[in-house]
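Chemist:
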Amino acid sequence: MPSLTLTRKQMAELLVSLQNNEISTPTKVLKQVWLETNGISEDAAMKGMGESSLPGIFEKIIKSSKKEIGFSINEIVSLGNQIEYSSFSTTAVQNWVKRDVRSLIGSPQQGKKYSLEQAAILFIVEDLKSTLDFVSIRNLLTLIFNNIEDRHDDLIDPIHFYHTYATIFEELDLNDDHVVDVDFRVKDGNKAEMMIYQKAEEKMERLVDLELREQSIVKNALVIATLSVQTSYFQSVSRQFLNSTLFI
97 MPSLTLTRKQ MAELLVSLQN NEISTPTKVL KQVWLETNGI SEDAAMKGMG ESSLPGIFEK
157 IIKSSKKEIG FSINEIVSLG NQIEYSSFST TAVQNWVKRD VRSLIGSPQQ GKKYSLEQAA
217 ILFIVEDLKS TLDFVSIRNL LTLIFNNIED RHDDLIDPIH FYHTYATIFE ELDLNDDHVV
277 DVDFRVKDGN KAEMMIYQKA EEKMERLVDL ELREQSIVKN ALVIATLSVQ TSYFQSVSRQ
337 FLNSTLFI
């Protein structure tokens, strides 16, 4: 079966489509991923998706309606493992929700299952843990998402936050090699850091309702998360070389 690994931006777009079907639909998002991954036409993409056995989590998403969508821990792990250079395990995520980030996640908010926003927060945690410890992650994300029971007090919606830093990373990875491309015209400070910060400032122009302090919090968090995506890629490559070495 052809691969259907998603970039973080594509995964964010899938979550957005589940959150608001008026923007797009899960089928359209996955069709576009299939098209881009396999370099085929739109008709061929639909045919390929129809003839192939998609990962079970994608089949569930395609069949689900917005009102009923929610994810178990196992489903969040399955979905997370479709994201490029990510490594989720059920045991680890269970530990996160029971202990490490319990104050960020809370109880399942979609019946007995976790909401789209809770799944997005777990994807964000997976990225941030490549650069931060869990105490730092809790402190940072609590500033952004505030009361876990009230999505209205978020400085930025978790899915929007995830989509924004994923977009920043892709916009700075000009040649699609999973590495931020440095603009040597940047004169001051760390070039990659400055470029990411400038991109974050551009994205912040949409969040006009936030106070200056709140804007700074979200802006800095976007820089941290984008750098964490970069680090996740390097960690993935390191693991690949380690596995190759152990089997020599």
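Residues in the sequence shown are numbered consecutively from 97, following the numbering used here. For every residue, glycine included, the Cβ atom is placed at its ideal position computed from N, Cα and C. Note that this is a predicted model, so its numbers are computed, not measured.
1) To the nearest angstrom, report how far apart residue 236 and residue 170 are at their CA atoms.
2) Does residue 100 come out as helix, strand or coil in the three-state DSSP assignment?
3) Put residue 178 into one of helix, strand or coil per three-state DSSP.
4) Figure out for me which residue from 205, 332, 110, 266 has the closest Cα to the Cα of residue 154.
5) Using the three-state DSSP reduction, which class does residue 106 fall into: helix, strand or coil?
6) In this structure, does DSSP put residue 344 in helix, strand or coil?
7) Looking at the structure shown, is residue 280 part of a helix, part of a strand, or coil, going by DSSP?
8) Is the beta carbon of residue 167 less than 8 angstroms from the beta carbon of residue 215?
9) Excluding sequence positions up to five away, which residues of its chain have a Cβ less than 7 angstroms from the Cβ of residue 185?
10) Do residue 196 and residue 324 have their beta-carbon atoms positioned less than 8 angstroms apart in this structure?
11) For the alpha helix (DSSP H) containing residue 234, name the first residue and the last one.
12) Taking all protein chains shown into account, decide if residue 257 is buried (16 or more other Cβ within 10 angstroms of its Cβ) or exposed.
13) Here's a check: name, in chain order, each residue in its chain whose Cβ is nearer than 7 angstroms to the Cβ of residue 310, leaving out the five neighbours to either side.
14) Return helix, strand or coil for residue 206, following the three-state DSSP convention.
15) Among 229, 103, 318, 293, whose alpha-carbon lies nearest the alpha-carbon of residue 181?
16) Give every residue of the same chain whose Cβ lies closer than 7 angstroms to the Cβ of residue 260, excluding the five residues on either side of it in the sequence, and list them in chain order.
17) Identify whether residue 327 lies in helix, strand or coil by the three-state DSSP scheme.
18) Less than 8 angstroms between C-beta atoms, sequence neighbours within five positions excluded: which residues of the same chain meet that for residue 119?
19) Would you mind stating whether residue 297 and residue 247 have Cβ atoms separated by less than 8 angstroms?
20) CA-CA distance, residue 280 and residue 287?
21) Is it buried or exposed, residue 241, if we count other Cβ atoms within 10 angstroms and call 16 or more buried?
Modeler: Walking through what the data contain:
1) 26 angstroms
2) coil
3) coil
4) Looking at the Cα atoms, 110 is the closest of the given residues.
5) helix
6) It is coil, neither helix nor strand.
7) Its pLDDT being 49, under 50, residue 280 is placed unreliably in this model, and the coordinates cannot settle the point.
8) yes
9) 173
10) no
11) Element bounds for residue 234: 230–241.
12) buried
13) 251
14) strand
15) The shortest C-alpha separation from residue 181 is found at 103.
16) 299, 318
17) helix
18) 112, 113
19) no
20) Note that residue 280 scores 49 on pLDDT, short of 50, meaning its location in the model is unreliable and no value can be drawn from it.
21) buried
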